[in-house]
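Per my numbering, the very first residue in the sequence shown carries number -4; after that it's consecutive.
For glycine and all other residues, C-beta sits at the position ideal for the given N, C-alpha and C.
Structure record follows, encoded as structure tokens.
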Amino acid sequence: MQNTIDQFDFRGQRVLLRVDFNVPFDKHTGLISDDSRIRRALPTIQEIASKGGRLVLISHMGRPGGKPVEELSLRRILHAVETLIGKHVAFCDDCIGEDAVRASKQLLDGEILMLENVRFHPEDEGKVKQKEGESDESYKARKAAMKEAQKSFAAQLAECGDCFVNDAFGAAHRANASTTHIASFFPEARMFGRLMNQEIAALDYVMQNPTRPLCAIMGGAKVSDKIVLISSLLERVDKIIIGGGMAYTFVKAQGGEIGNSLCEEEHLATARELLAKAKERGVELLLPIDAVNADKFADDATTRLSAIEATPEGWMGLDIGETSCARFSQAILESKTVFWNGPMGVFEMPHFAQGTFAIAKALAETTQGGAYTLVGGGDSVSALKASGLEGGVSYVSTGGGAMLEYLEGKNLPGIAAIRDEK
Ligand code: AMP
């Protein structure tokens, strides 16, 4: 069985297409603040529609907690989806049940239906938490019951289609009914969409056969979220740049003074282990050399520069300094493949965005010079967009957690289910 939409004959078929339309909204205007996730699904939607498929779009949005929540209704994005596709999109207020099945059967070739948020049903995620005071037995029984309910929910979803296409890379790390279990109902007719294929190809390139030197840039607030990834990257990369708040745990682990900067005391030992692993494997690990310090966590804070290991008492490092920018940029420009996840500072505040923008600029420059550059993770992508350089890199991943888990070497359930791997 083939895993792509290339040769499948979609004419007259109801195509259940799992997309990731979990878009962010502007808190003040209530409008979609970034429609990239919808845009990135367009090639698959348009190709299937043009081949005569009858599209049934399914997606999650936000965290409604297993019940209908008006603000998280996919109706909210219906107009935007129709505008971007350039076609009428019918809507059904539930993703399962008679109405949904009937609406799917009313579609003609090339027509599109969107079903309501799959997470309005607890069975999509199938999460069960042990209640306070609940016996292990009762908890186990509830878990087993939910597992069955999840299968039956997936079967009901499957009634709305004749084949299944998964294009929701951003949700591929979750073993949900709509991403994973549903695939088992289409043993001969399940495929990846174009976006999913692109994501897998981009990440596989970086993981398996990159042109060297290969450089990873890691930033963001916490080391704890990224320990496994850093450790697994150390087995593959030639260089690793560590910036952002997480760098301070490494600086302190080496005896530096970090003032009030972010630090995960419980991970000082892990940081030392990662430093030792880099040395052992001959990986060049670059930490910031200098920092922009602030007297409070605010954009209007008073700022002061210092060496990274000499943060004055009472101050906190909120961005990397100019010397670090220059050193990191040089390392990026010397690399032939670069992967970036996580900002170098509190880029949401303009006074502490320069380090992150410098990295974005170096990435765009090295891409111009022929290097392959991949950026992923919500914050790095927003920073890239804010710097106006989004089009200047080779590939922007739509996956946050999914991308990190894939790079850690994990088998993502949403991918395994299409490939029939257990
Ligand atoms: P993460 O979700 O771990 O990738 O972290 C992203 C967040 O890290 C962003 O919201 C940044 O503002 C924050 N961040 C980056 N550098 C620092 C820093 N030096 N101190 C505090 N927060 C930071």
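> If we ignore side chains and look at the alpha-carbon of each, how far apart do Gln249 and Arg267 end up?
Replying inline: Walking along the sequence shown from the start, residue 249 turns up at place 254. Walking along the sequence shown from the start, residue 267 turns up at place 272. Linking Gln249 to Arg267 through their CA atoms gives a straight-line distance of about 8 Å.
> Using the C-alpha atoms, what's the distance from His116 back to Lys142?
Replying inline: The sequence position of residue 142 within the sequence shown is 147, counting from 1. The sequence position of residue 116 within the sequence shown is 121, counting from 1. When rounded, the distance between both Cα atoms is 13 Å.
> For Lys272, which residues from the same chain have a beta carbon less than 7 Å from its beta carbon, with the 5 sequence-adjacent residues on both sides left out?
Replying inline: Reading the sequence shown from its first residue, position 277 is the one you call residue 272. Within its own chain, the residues whose Cβ lies closer than 7 Å to the Cβ of Lys272, once the five positions on either side in sequence are excluded, are Ser226 and Leu229, listed in chain order.
> Of the choices Ser28, Cys258 and Glu42, whose alpha-carbon is the least far from that of Asp4?
Replying inline: By one-based count along the sequence shown, residue 4 stands at place 9. Considering only alpha carbons, the answer is Glu42.
> So, using beta-carbon positions, are Gly371 and Ser392 closer together than 9 Å?
Replying inline: As a working note, residue 371 is residue 376 in the sequence shown. As a working note, residue 392 is residue 397 in the sequence shown. In this structure, the beta-carbon distance from Gly371 to Ser392 falls below 9 Å.
> So who's on the other strand from Val370, going by DSSP bridges?
Replying inline: Residue numbering aside, residue 370 sits at position 375 when the sequence shown is read from its first letter. Bridge partners of Val370 according to DSSP: Trp335 and Val391.
> Where are the alpha helix (DSSP H) runs, 4 residues long or more, that stay fully inside the region 282 to 361, in chain order?
Replying inline: 317 to 328, all fully within the region 282 to 361.
> Measuring CB to CB, does Thr351 end up less than 9 Å from Asp314?
Replying inline: Within the sequence shown, residue 351 is the residue found at index 356, counting from 1. Within the sequence shown, residue 314 is the residue found at index 319, counting from 1. For Thr351 and Asp314, yes; Cβs fall inside 9 Å.
>> With a threshold of 8 Å, are at least 3 pairs of Cβ atoms found where one atom belongs to the region 187 to 196 and the other to the region 232 to 247?
In response: Three or more beta-carbon pairs separated by less than 8 Å are not found between the region 187 to 196 and the region 232 to 247, which leaves the two stretches without contact.
>> Suppose you measure from the CA of Leu69 to the CA of Glu111; what does that come to, to the nearest Å?
In response: Here residue 69 is taken as the residue at index 74 of the sequence shown, counted from 1. Here residue 111 is taken as the residue at index 116 of the sequence shown, counted from 1. Roughly 6 Å between the two C-alpha positions.
> Terminal residues of the continuous alpha helix (DSSP H) containing Val223?
Replying inline: Counted from its first residue, the sequence shown places residue 223 at position 228. That run of the alpha helix (DSSP H) goes Ile222 to Leu228.
> Out of Gly238, Leu269, Asp294 and Tyr367, which has the shortest C-alpha to C-alpha gap to Cys320?
Replying inline: Locating residue 320 in the sequence shown gives position 325, where the first residue counts as 1. Nearest C-alpha to Cys320: Gly238.
>> Less than 9 Å between the C-beta atoms of Thr436 and Tyr401, yes or no?
In response: Residue 436 lies beyond the stretch modelled for the chain, which goes from -4 to 417, so this question has no answer here.
> Does the separation of the CB atoms of Val10 and Val113 fall below 9 Å?
Replying inline: The sequence position of residue 10 within the sequence shown is 15, counting from 1. The sequence position of residue 113 within the sequence shown is 118, counting from 1. Going by C-beta atoms, Val10 is not nearer than 9 Å to Val113.
> Sorry if obvious, but does the Cβ on Tyr243 come closer than 8 Å to a heavy atom of ligand 1?
Replying inline: As a working note, residue 243 is residue 248 in the sequence shown. Yes, the beta carbon of Tyr243 sits closer than 8 Å to at least one heavy atom of ligand 1.
>> Would Ala355 and Leu328 be called neighbours here (beta carbons separated by less than 9 Å)?
In response: The residue given as residue 355 occupies position 360 in the sequence shown. The residue given as residue 328 occupies position 333 in the sequence shown. No.
> In chain order, which continuous runs of the alpha helix (DSSP H) of length 4 or greater are located wholly inside the region 156 to 209?
Replying inline: Complete alpha helix (DSSP H) runs here, min 4: 189 to 203.
> Cβ of Leu420 within 9 Å of Cβ of Leu108?
Replying inline: For residue 420 there is no data in the structure shown, the boundaries of the chain being -4 and 417.
>> Helix, strand or coil for Phe5? Go by DSSP, reduced to three states.
In response: Translated into positions along the sequence shown, residue 5 becomes position 10. Coil at Phe5, not helix or strand.
>> Assess contact between the region 148 to 168 and the region 22 to 40, defined as three or more Cβ pairs (one per stretch) separated by less than 8 Å. Is contact present?
In response: Touching, per the Cβ criterion.
> To the nearest angstrom, how far is it from the Cα of Ser324 to the Cα of Cys210?
Replying inline: Taking the sequence shown and counting its residues from 1, the one referred to as residue 324 is at position 329. Taking the sequence shown and counting its residues from 1, the one referred to as residue 210 is at position 215. Between Ser324 and Cys210, the alpha-carbon positions lie close to 11 Å from each other.
>> In whole angstroms, give me the CA-to-CA distance for Ala153 and Phe180.
In response: Within the sequence shown, residue 153 is the residue found at index 158, counting from 1. Within the sequence shown, residue 180 is the residue found at index 185, counting from 1. Going by C-alpha positions, Ala153 is about 7 Å away from Phe180.
> Between the Cα of Asn204 and the Cα atoms of Thr332, Leu12 and Pro182, which residue gives the shortest distance?
Replying inline: The residue you call residue 204 lines up with position 209 of the sequence shown. The candidate whose alpha carbon is nearest that of Asn204 is Thr332.
>> With H, G and I counted as helix, E and B as strand and the rest as coil, what does DSSP make of Lys126?
In response: Counting from 1 along the sequence shown, the entry for residue 126 is found at position 131. If DSSP states are grouped into helix, strand and coil, Lys126 belongs with coil.
> Where does Gly81 land, buried or exposed, given buried means 16+ other C-beta within 10 angstroms?
Replying inline: If you number the sequence shown from 1, residue 81 lands on position 86. Around the beta-carbon of Gly81, fewer than 16 other beta-carbon atoms lie within 10 Å, marking it exposed.
> If you check the beta carbons only, do Gly215 and Gly312 fall under 9 Å apart?
Replying inline: As a working mapping, residue 215 is identified with position 220 in the sequence shown. As a working mapping, residue 312 is identified with position 317 in the sequence shown. Taking C-beta atoms as the reference points, Gly215 and Gly312 fail to come closer than 9 Å.
> Ala216 by DSSP, collapsed to three states: which one?
Replying inline: As a position in the sequence shown, residue 216 is number 221, starting the count at 1. Coil at Ala216, not helix or strand.
> Which residues mark the beginning and the end of the beta strand (DSSP E) in which Met56 is found?
Replying inline: On the sequence shown, residue 56 is found 61 positions in, with the first residue counted as 1. Where Met56 is concerned, there is no enclosing beta strand (DSSP E), because DSSP gives it neither an H nor an E.
> To the nearest whole angstrom, what separates the beta carbons of Arg185 and Ile413, a pair I think is in contact under 8 Å?
Replying inline: As a working note, residue 185 is residue 190 in the sequence shown. As a working note, residue 413 is residue 418 in the sequence shown. Separation of the CB atoms of Arg185 and Ile413 is rounded to 5 Å, and the pair is thereby assigned contact status at 8 Å.
> In its own chain, which residues sit with a C-beta less than 6 Å from the C-beta of Ala365, not counting the 5 before and 5 after it?
Replying inline: By 1-based counting over the sequence shown, the position of residue 365 is 370. One point to set straight first is that residue 365 is Gly, not Ala, in the sequence displayed. Within the same chain, Gly365 has no close Cβ partners at all.
>> Between the alpha carbons of Glu261 and Asp220, how many angstroms are there, rounded?
In response: What you label residue 261 is simply residue 266 of the sequence shown in a count that begins at 1. What you label residue 220 is simply residue 225 of the sequence shown in a count that begins at 1. Each residue's alpha carbon lies about 13 Å from the other.
> What separation, rounded to the nearest whole angstrom, lies between the Cα atoms of Asn406 and Ala296?
Replying inline: Your numbering for residue 406 matches position 411 in the sequence shown. Your numbering for residue 296 matches position 301 in the sequence shown. CA-to-CA, the gap between Asn406 and Ala296 works out to about 44 Å.
> Of all the beta strand (DSSP E) runs that stay within the bounds of the region 11 to 82, which reach a length of 3 or more residues?
Replying inline: Taking 3 residues as the minimum length, the beta strand (DSSP E) runs contained wholly in the region 11 to 82 are 49 to 53, in order along the chain.
> From which residue to which residue does the alpha helix (DSSP H) around Leu270 run?
Replying inline: Here the question's residue 270 lines up with position 275 in the sequence shown. Leu270 -> alpha helix (DSSP H) spans Leu263 to Glu275.
> Run through DSSP, which three-state label would Met241 get?
Replying inline: As a working mapping, residue 241 is identified with position 246 in the sequence shown. In the displayed model, Met241 falls within coil according to three-state DSSP, outside both helix and strand.
> Touching or not, the region 79 to 98 and the region 130 to 140, by the rule of three or more beta carbon pairs under 8 Å?
Replying inline: The region 79 to 98 makes no contact with the region 130 to 140: fewer than 3 CB pairs, one atom from each, lie closer than 8 Å.
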